[in-house]
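In what follows, a single structure is set out as structure tokens and then discussed.
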Amino acid sequence: ASQHGLLTLLDQKVIERTIAAMKRLDSLPRAISVNVSMQSISNAGFRSALRNLLTADRAAAGRLVFEVTSYAASRSPELTRAFSDELHRLHAGVALDNFDLDRNSMAIVHKLLPAYVKLAPAFTQQIGEREDLRFIVEAMVRMLRPLEIPLIAQGVEDAAAVVVLGGLGLAAYQGYAGGRPAPIDTA
732 ASQHGLLTLL DQKVIERTIA AMKRLDSLPR AISVNVSMQS ISNAGFRSAL
782 RNLLTADRAA AGRLVFEVTS YAASRSPELT RAFSDELHRL HAGVALDNFD
832 LDRNSMAIVH KLLPAYVKLA PAFTQQIGER EDLRFIVEAM VRMLRPLEIP
882 LIAQGVEDAA AVVVLGGLGL AAYQGYAGGR PAPIDTA
């Protein structure tokens with residue numbers, strides 16, 4: 732989609748379908764996260780369409796959190812900050828996805844104050860076997876705690892990793908340890 736310039740259209744359709752599903756299905760969680768690309772964020776037409784969608788459905792807006800990759804956010808901090816500010820005015824949230832040890836990562840956290848930060852899977856895979864990873868993850872939890880920003884693990888594949896990550900203070904996890912993906916209508 733990115734190579735053919737279709738990422739913005741794809742992001743918009745995913746958001747539209749997500750809002751429709753939120754209206755239709757009571758079984759969905761209170762907060763719903765949707766990934767959004769920097770290609771979309773930088774597109775004025777996309778931002779206008781998103782603004783119209785969220786203005787038309789304030790209830791849905793208050794439940795939506797838009798995830799931007801930490802890497803992309805740190806490469807375009809002003810654009811990401813403007814997008815985040817706009818989302819907050821519309822009662823939606825922003826979060827950082829694939830957070831890592833990039834030299835700009837913590838700076839972008841302080842600028843955005845995201846709803847949560849999702850840790851890159853490289854830090855969670857082998858977490859039970861590698862003390863260095865546990866040290867790094869615990870340090871990230873400590874850095875985010877004063878800001879009251881939860882850290883969420885990605886790529887968590889087994890129950891043992893869930894236990895280790897919980898012991899380190901992570902707020903939640905995402906991965907096969909929580910179940911396999913399923914169509915939204917079965918949520």
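So the mapping is simple: our numbering equals the position in the sequence shown, first residue as 1, plus 731.
Note that beta-carbon positions come from the ideal geometry of N, C-alpha and C, so glycine has one too.
Next on the checklist: When you compare the CB positions of Leu882 and Val872, do they come within less than 7 Å of one another, or not?
Outcome noted: yes
Checklist entry - Grouping DSSP H, G and I as helix and E and B as strand, with all else coil, what is Gly909? => result helix
Checklist entry - Can you list, in chain order, the stretches of the alpha helix (DSSP H) that have 4 or more residues and sit fully within the stretch 785 to 856? => result 789 to 792, 801 to 806, 808 to 820 and 836 to 843
Item to check | Limits of the alpha helix (DSSP H) - the one that Ser764 falls within | outcome: Not the alpha helix (DSSP H): Ser764 falls in the beta strand (DSSP E), residues Ile763 to Asn766.
Next on the checklist: Quick check: what's the CA-CA separation for Met837 versus Gly897?
Outcome noted: 22 Å
Next on the checklist: Along the chain, where does the beta strand (DSSP E) containing Ala884 start, and where does it finish?
Outcome noted: Leu882 to Ala884
Checklist entry - Which residue's Cα is closest to the Cα of Leu759: Ile750, Asp742 and Asp788? => result It is Ile750.
Item to check | Cα-Cα separation, Phe814 to Ile772 | outcome: 7 Å
Checklist entry - Going by the beta-carbon positions, is the gap between Phe830 and Ala851 smaller than 7 Å? => result yes
Checklist entry - How many whole angstroms separate the CB atoms of Val767 and Glu798, which I take to be in contact at a CB cut-off of 8 Å? => result 7 Å
Next on the checklist: Comparing C-alpha positions only, which one of Met753, Gln885, Val745 and Glu817 sits nearest to Arg794?
Outcome noted: Met753
Next on the checklist: With H, G and I counted as helix, E and B as strand and the rest as coil, what does DSSP make of Ala903?
Outcome noted: strand
Item to check | Residue of Arg812, Gly824, Val887 and Leu878 minimising C-alpha distance to Phe854 | outcome: Val887
Item to check | Coil, strand or helix - Leu864 by DSSP | outcome: helix
Item to check | Nonlocal neighbours in the same chain, by C-beta distance under 7 Å from Tyr904, ignoring five residues either side | outcome: So the list reads Ile883, Ala884, Val887, Val893 and Leu896, once near-sequence residues are dropped.
Next on the checklist: My assumption, with CB atoms under 8 Å, is that Asp833 sits in contact with Ser807. Please give the rounded CB distance.
Outcome noted: Actually they do not touch by this definition, with Cβ atoms about 13 Å apart.
Item to check | Buried or exposed (CB count within 10 angstroms, at least 16 for buried), Pro914 | outcome: By the 10 Å Cβ count, Pro914 comes out exposed.
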